[in-house]
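Everything below concerns the one structure shown next.
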């Protein structure tokens, strides 16, 4: 774990607090004001290097501690240690509760009996992706990560079956990595057993970042775009009422107003 001090200025050492900050999907302009204020108040900021790079303009004058994927426990422990005498932020991409650091920090803090922790929500990859794709999640939806680093693949498959059978709009996080290429194909096969081939699918990549790109297709045609998917991609699969809208560049899932009102 590498420590970096960009400035000798320190915050009041009499203050001690840990912020767990959701920094949003990528662009600093998509961070909440509350998240930015927490970072401004912090002496130390800890995070995965990828996410720290996203908020580089906000790191001037901060003591920055970088780490990497797989070092989450060590990162949480270090943040809590520093927060005994300082104001500290530990960051998560998107929202800290959605596959983020909030749960782990609280688990570690539970053993240390530390309670001065504030969790700050952030704009998620699913909501940012949905905005780029139109209105695909205005009804009930399920979010499922295809990463099996912490959850066994058999359990993930059970969740895919259940969500598809219940006709949720389904958002797939972490769909494919360099080493894990087959899970997405199997996930699409599972979902296709319950959803029709014409079900709309939105593919959103690098949302709010450089290289932002979206594709609108159908479940039956999805495999044509399989090679375009990576870990920076969120996939949104519609329900039975979802439809492709506006010259095939957006997806809409009606909330149900059309059944009750004339417009």
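Numbering (the working numbering), first residue to last: 7 to 269.
Cβ atoms here follow ideal geometry from the backbone N, Cα and C, with glycine treated the same way.
Item to complete: Pick out the complete alpha helix (DSSP H) segments inside the segment 50-100, 4 residues or longer, and give them in chain order.
Response: 55-60, 78-88
Worksheet item: Counting pairs of Cβ atoms below 8 Å between the segment 169-184 and the segment 138-150, do you hit three or more?
Response: Yes, since at least three Cβ pairs between the segment 169-184 and the segment 138-150 fall closer than 8 Å, the two stretches touch.
Discussion item. I'd like to check one pair, residue 49 with residue 69: are the Cβ atoms closer than 7 Å?
Written reply: For this step, residue 69 is matched to residue 63 along the chain shown. For this step, residue 49 is matched to residue 43 along the chain shown. Against a cut-off of 7 Å, the Cβ pair of residue 49 and residue 69 comes out as a contact.
Worksheet item: Can you find at least 3 beta carbon pairs, one from the segment 163-170 and one from the segment 195-206, that sit closer than 8 Å?
Response: yes
Worksheet item: Hey, residue 206 and residue 250: beta-carbon distance below 7 Å or not?
Response: Residue mapping note: residue 206 aligns to position 200 of the chain shown, counting from 1. Residue mapping note: residue 250 aligns to position 244 of the chain shown, counting from 1. It is a contact, given that the beta carbons lie within the stated cut-off.
Worksheet item: Out of curiosity, what's the CA-to-CA distance linking residue 210 and residue 221?
Response: Walking along the chain shown from the start, residue 210 turns up at place 204. Walking along the chain shown from the start, residue 221 turns up at place 215. The alpha-carbon atoms of residue 210 and residue 221 are separated by roughly 7 Å.
Worksheet item: Rounded C-beta distance between residue 129 and residue 203? I'm assuming under 8 Å.
Response: Taking the chain shown and counting its residues from 1, one reaches residue 129 at position 123. Taking the chain shown and counting its residues from 1, one reaches residue 203 at position 197. Actually they are not in contact, since the Cβ atoms of residue 129 and residue 203 sit about 32 Å apart, beyond 8 Å.
Worksheet item: Secondary structure at residue 197, three-state DSSP: helix, strand or coil?
Response: Translated into the one-based positions of the chain shown, residue 197 becomes position 191. Helix, per DSSP.
Item to complete: Specify the secondary structure class of residue 141 as computed by DSSP and reduced to three states.
Response: Within the chain shown, numbered from 1, the residue matching residue 141 stands at position 135. If DSSP states are grouped into helix, strand and coil, residue 141 belongs with the strands.
Worksheet item: Quick one: what's residue 30 bridged to in DSSP?
Response: In the chain shown, the residue the question calls residue 30 occupies position 24. Per the DSSP secondary-structure output, residue 30 pairs in a beta bridge with 100.
Worksheet item: Could you check where the alpha helix (DSSP H) with residue 45 kicks off and where it finishes?
Response: On the chain shown, residue 45 is found 39 positions in, with the first residue counted as 1. Element bounds for residue 45: 39-47.
Discussion item. For a test of your reading of the model: does the CB of residue 184 fall under 6 Å from any non-hydrogen atom of the ligand NAD? Yes or no.
Written reply: The ligand NAD is not part of this structure, which contains no ligands at all.
Worksheet item: Residues bridged to residue 251 by DSSP?
Response: The sequence position of residue 251 within the chain shown is 245, counting from 1. DSSP lists 256 as partners of residue 251.
Discussion item. Here's a check: name, in chain order, each residue in its chain whose Cβ is nearer than 8 Å to the Cβ of residue 114, leaving out the five neighbours to either side.
Written reply: Translated into positions along the chain shown, residue 114 becomes position 108. Contacts found: 79, 82, 83, 86.
Worksheet item: For the segment 231-246 against the segment 260-267, are there 3 or more C-beta pairs whose distance is under 8 Å?
Response: Counting Cβ pairs under 8 Å, fewer than three are found: no touch.
Fill in: Contact the segment 114-126 vs the segment 48-63: 3+ CB pairs below 8 Å
no
Practice prompt. Locate the alpha helix (DSSP H) running through residue 108, then write down its first and last residues.
Written response: Working through the chain shown from its first residue, we reach residue 108 at position 102. Annotation for residue 108: the continuous alpha helix (DSSP H) segment containing it runs 108-118.
Discussion item. One question on the structure: do residue 257 and residue 208 come within less than 7 Å of each other, judged by their Cβ atoms?
Written reply: Numbered from 1 along the chain shown, position 251 holds the residue referred to as residue 257. Numbered from 1 along the chain shown, position 202 holds the residue referred to as residue 208. Result yes, Cβ atoms of residue 257 and residue 208 sit closer than 7 Å.
Worksheet item: With a CB to CB cut of under 7 Å and the five nearest residues on each side skipped, what residues in its chain are close to residue 193?
Response: Here residue 193 refers to the residue found at position 187 of the chain shown. If we look at residue 193 and ignore the five residues flanking it on each side, its Cβ neighbours are 152, 166, 178.
Worksheet entry | Chain-order list of residues whose beta-carbon lies under 6 Å from that of residue 213 (same chain, five-residue window excluded) | Residue numbering aside, residue 213 sits at position 207 when the chain shown is read from its first letter. Once the five neighbours on either side are set aside, the close Cβ partners of residue 213 are 31, 134, 135, 138.
Discussion item. Using the Cβ count rule (16 or more neighbours within 10 Å means buried), how would you classify residue 37?
Written reply: The count along the chain shown starts at 1 and reaches residue 37 at position 31. Label assigned to residue 37: buried.
Fill in: Separation of residue 255 from residue 243, as counted between CA atoms
Working through the chain shown from its first residue, we reach residue 243 at position 237. Working through the chain shown from its first residue, we reach residue 255 at position 249. Distance between the alpha carbons of residue 243 and residue 255: 15 Å.
Worksheet entry | Separation of residue 190 from residue 73, as counted between CA atoms | The count along the chain shown starts at 1 and reaches residue 73 at position 67. The count along the chain shown starts at 1 and reaches residue 190 at position 184. Straight through space, the alpha carbons of residue 190 and residue 73 are spaced by roughly 28 Å.
Practice prompt. Could you give the DSSP three-state label for residue 205: helix, strand or coil?
Written response: For this step, residue 205 is matched to residue 199 along the chain shown. In this structure, residue 205 counts as coil in the three-state DSSP scheme.
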